[in-house]
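Student: Counting from 1 along the sequence shown, just add 3 to a position and that's the residue number in this note's numbering. Glycine included, every Cβ here is placed at the ideal spot set by N, Cα and C.
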Amino acid sequence: MNYRISNRAAALSPSLTLAIDSKAKAMKAAGEDVVGFGAGEPDFDTPAHIKDAAVQALHSGFTKYTPSSGITELRQAVADKFQRENGLTYKPNQIIISSGGKHSCYNAILATCQEGDEVIIPAPYWLSYPEMVKLAGAVAVVLPTTDQTEFKVTPAQLRAALTPRTRLFILNSPSNPTGSVYTPEEIKALGDICVDAGVLIMSDEIYEHLLYDGATHLSVASVSPAHYQHTIVVHGLAKAWSMTGWRLGFLAAPEPIAKAIDAIQSHSTSNPTSFAQKGGVAALTGSQDHLPKWLAEYSRRRNFAWQRLNSIPGLSCVNSKGAFYLFPNISKLGLKSADFCARLLEQEKVAAVPGVAFGADDYLRISYATSLANIEKGLDRLERFCKGLSG
Ligand SMILES: *Cc1c(COP(=O)(O)O)cnc(C)c1O
Numbered sequence: 004m005n006y007r008i009s010n011r012a013a014a015l016s017p018s019l020t021l022a023i024d025s026k027a028k029a030m031k032a033a034g035e036d037v038v039g040f041g042a043g044e045p046d047f048d049t050p051a052h053i054k055d056a057a058v059q060a061l062h063s064g065f066t067k068y069t070p071s072s073g074i075t076e077l078r079q080a081v082a083d084k085f086q087r088e089n090g091l092t093y094k095p096n097q098i099i100i101s102s103g104g105k106h107s108c109y110n111a112i113l114a115t116c117q118e119g120d121e122v123i124i125p126a127p128y129w130l131s132y133p134e135m136v137k138l139a140g141a142v143a144v145v146l147p148t149t150d151q152t153e154f155k156v157t158p159a160q161l162r163a164a165l166t167p168r169t170r171l172f173i174l175n176s177p178s179n180p181t182g183s184v185y186t187p188e189e190i191k192a193l194g195d196i197c198v199d200a201g202v203l204i205m206s207d208e209i210y211e212h213l214l215y216d217g218a219t220h221l222s223v224a225s226v227s228p229a230h231y232q233h234t235i236v237v238h239g240l241a242k243a244w245s246m247t248g249w250r251l252g253f254l255a256a257p258e259p260i261a262k263a264i265d266a267i268q269s270h271s272t273s274n275p276t277s278f279a280q281k282g283g284v285a286a287l288t289g290s291q292d293h294l295p296k297w298l299a300e301y302s303r304r305r306n307f308a309w310q311r312l313n314s315i316p317g318l319s320c321v322n323s324k325g326a327f328y329l330f331p332n333i334s335k336l337g338l339k340s341a342d343f344c345a346r347l348l349e350q351e352k353v354a355a356v357p358g359v360a361f362g363a364d365d366y367l368r369i370s371y372a373t374s375l376a377n378i379e380k381g382l383d384r385l386e387r388f389c390k391g392l393s394g
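Rendered as structure tokens:
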């Protein structure tokens, strides 16, 4: 039998994060003392009132199909969130609830991009963006950045990358994997360029609430009515409510785009899990008291890890202003990032994600969504490893 794999599927790169993760998990299962810096998810539990709402929905028999783009109650709660927190006015039919923020990104790209289109993606990027662009048949145009600019693209860089084929610009602030946050002025400048060029923006704002050191978040959609018309805002419940396993994301878009996504979703996944959506309503409309506590804890870990990383000879690291990642520069240590991480896991049993997975081979991603004790232990080991390399 010739199991011919489609061009679309065959073009995808295997996920390096998952490869490291499965090796680390296998080592742990074999009883080894692995410190994991690979996690792309909060280490806190989902707040109890959110779980209770889903449990109650299950018990009351809320277990059937819902409208494919989500229950009206949740679409309204999302519209209210955008009004309240971002000054953005959306009707519920402009909101699509999906099975995770990743699914929302994929729907947005699939609904707007096709063969012949170019999609501009600043690097370091969230590793799924270029693969989603490939699945849509379009071409990813990657704009490299370094720690010298806090991993932010400049307006000049964006302008120079535009061609008549440019269809979409992907903006992710706060960023996974770097933790960088664009200032409101920077957001406005990048948004202006897209509006002037008639280019759509997919703004992935899933880390909106995870900000430190007084950093602020501006949704590019809120800059002006023209920016609103050019933007698809992607968001979700995974990060600020610690609901990664619930698979709930959402997006807000101009009506024709939302309508197209509604059609895509109705013929592919249908609705996100019914009772999870009730949990989503509780997350958006209920108490947000967990968040200041989580932020204080993340920031404590971040400052500790940032200082420790910079004290290791050969490493340097800009501090993050958002999300829960640091992205230290390893270029002085003489190993490619994939080699570095493979050996670090092998020798010191520390799992980190190689920067090459995010289009930036001079770096590693360290997640501080793990306890301070783990961070301390893992960075002691990282230091010993780096000293071994340079010594
Ligand atoms: C975590 C994440 C998402 C969404 O994740 P889901 O688990 O699918 O909700 C989207 N974008 C970025 C950059 C992320 O890190």
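1. Ordered along the chain, which non-local residues of its own chain (more than five positions away) have a Cβ less than 8 angstroms from that of Lys352?
2. Whole-angstrom Cβ separation of Val223 and His230, contact assumed at under 8 angstroms?
3. Output yes or no for whether 8 angstroms exceeds the beta carbon distance between Arg368 and Phe327.
4. Which residues share a DSSP beta bridge with Phe253?
5. Which two residues bound the contiguous beta strand (DSSP E) that contains Phe65?
6. Would Arg170 and Ile196 be called neighbours here (beta carbons separated by less than 8 angstroms)?
7. Using 8 angstroms as the Cβ pair cut-off and three pairs as the minimum, do the stretch 109 to 121 and the stretch 279 to 292 touch?
8. Measure the C-alpha to C-alpha separation of Asn179 and Arg7 and round it to an integer number of angstroms.
9. Is the stretch 293 to 307 touching the stretch 260 to 268 in the sense that three or more CB pairs, one from each, lie closer than 8 angstroms?
10. For the 8 angstroms Cβ check, are there 3 or more pairs between the stretch 90 to 105 and the stretch 145 to 156?
11. Quick one: is the Cβ of Asp207 within less than 7 angstroms of any heavy atom of ligand 1?
12. One question on the structure: do Ala308 and Tyr371 come within less than 8 angstroms of each other, judged by their Cβ atoms?
13. Whole angstroms is fine: what's the gap from Val118's alpha carbon to Ala80's?
14. Does at least one heavy atom of ligand 1 sit under 7 angstroms from the Cβ of Gly43?
15. Let's test the definition: count the other Cβ atoms within 10 Å of the Cβ of Val58 and tell me whether it reaches 16, buried, or not, exposed.
16. From the DSSP output, which residues share a beta bridge with Thr169?
17. Pairing CB atoms from the stretch 376 to 390 with CB atoms from the stretch 64 to 74, are three or more of them under 8 angstroms?
18. Compute every distance between the C-beta of Asn175 and the non-hydrogen atoms of ligand 1, then say whether any falls below 7 angstroms.
19. Going along the chain, which unbroken runs of the alpha helix (DSSP H) with 4 or more residues stay wholly within the stretch 275 to 326?
20. Going by beta-carbon coordinates alone, are Val359 and Ala345 separated by less than 8 angstroms?
21. So, is Arg250 buried or exposed, given that buried needs 16 or more other C-beta atoms within 10 angstroms?
22. Taking the alpha helix (DSSP H) that Ile264 falls in, what are its first and last residues?
23. Is the beta carbon of Gly182 within less than 7 angstroms of some heavy atom of ligand 1?
24. Following a CB-centred definition, is Gly325 positioned closer than 7 angstroms to any heavy atom of ligand 1?
25. Short of 6 angstroms in beta carbon distance, which residues of its chain neighbour Ile264, apart from the five on each side in sequence? Order them along the chain.
26. May I have the straight-line CA-CA distance separating Asp55 from Asn274, to the nearest angstrom?
27. Hey, Ser245 and Phe47: beta-carbon distance below 8 angstroms or not?
28. Where DSSP assigns a beta bridge to Arg368, which residues make up the other side?
29. Rounded to whole angstroms, how far is the Cβ of Arg168 from the Cβ of Asp199, which I believe are closer than 8 angstroms?
30. Hey, Ala126 and Pro95: beta-carbon distance below 8 angstroms or not?
31. Within 10 angstroms of the Cβ of His62, are there 16 or more other Cβ atoms? Answer buried if so, exposed if not.
32. With DSSP as the reference, please indicate the residues paired to Pro147 in a beta bridge.
Tutor: A quick look at the data gives this:
1. Apart from the 5 residues on each side of it in sequence, Lys352 sits with its Cβ closer than 8 angstroms to the Cβ of Met30, Glu35, Asp36, Val37, Val38, Arg384 in its chain, given in chain order.
2. 6 angstroms
3. no
4. Ile100, His238
5. Per DSSP, Phe65 belongs to no beta strand (DSSP E) and is neither H nor E.
6. no
7. Result no; under three Cβ-Cβ pairs closer than 8 angstroms.
8. 34 angstroms
9. no
10. no
11. Yes; taking the cut-off as 7 angstroms, the Cβ of Asp207 has a heavy atom of ligand 1 nearer than that.
12. Remark: C-beta atoms of Ala308 and Tyr371 approach each other more closely than 8 angstroms.
13. According to the sequence displayed, residue 118 carries Glu and not Val. When rounded, the distance between both Cα atoms is 36 angstroms.
14. yes
15. exposed
16. According to DSSP, Thr169 bridges with Glu121.
17. no
18. Indeed, a heavy atom of ligand 1 lies less than 7 angstroms from the Cβ.
19. 277 to 288, 293 to 314
20. no
21. Classification of Arg250: buried, given that the 10 Å Cβ count is 16 or more.
22. 258 to 270
23. Checking every heavy atom of ligand 1 against the Cβ of Gly182, none is found closer than 7 angstroms.
24. no
25. Ile99, Asn110, Ala114
26. 21 angstroms
27. yes
28. In the DSSP assignment, the residues bridged to Arg368 are Val356.
29. 16 angstroms between Cβ atoms; not a contact.
30. No; because the gap between Cβ atoms is not below 8 angstroms, this pair is not in contact.
31. exposed
32. Ala126
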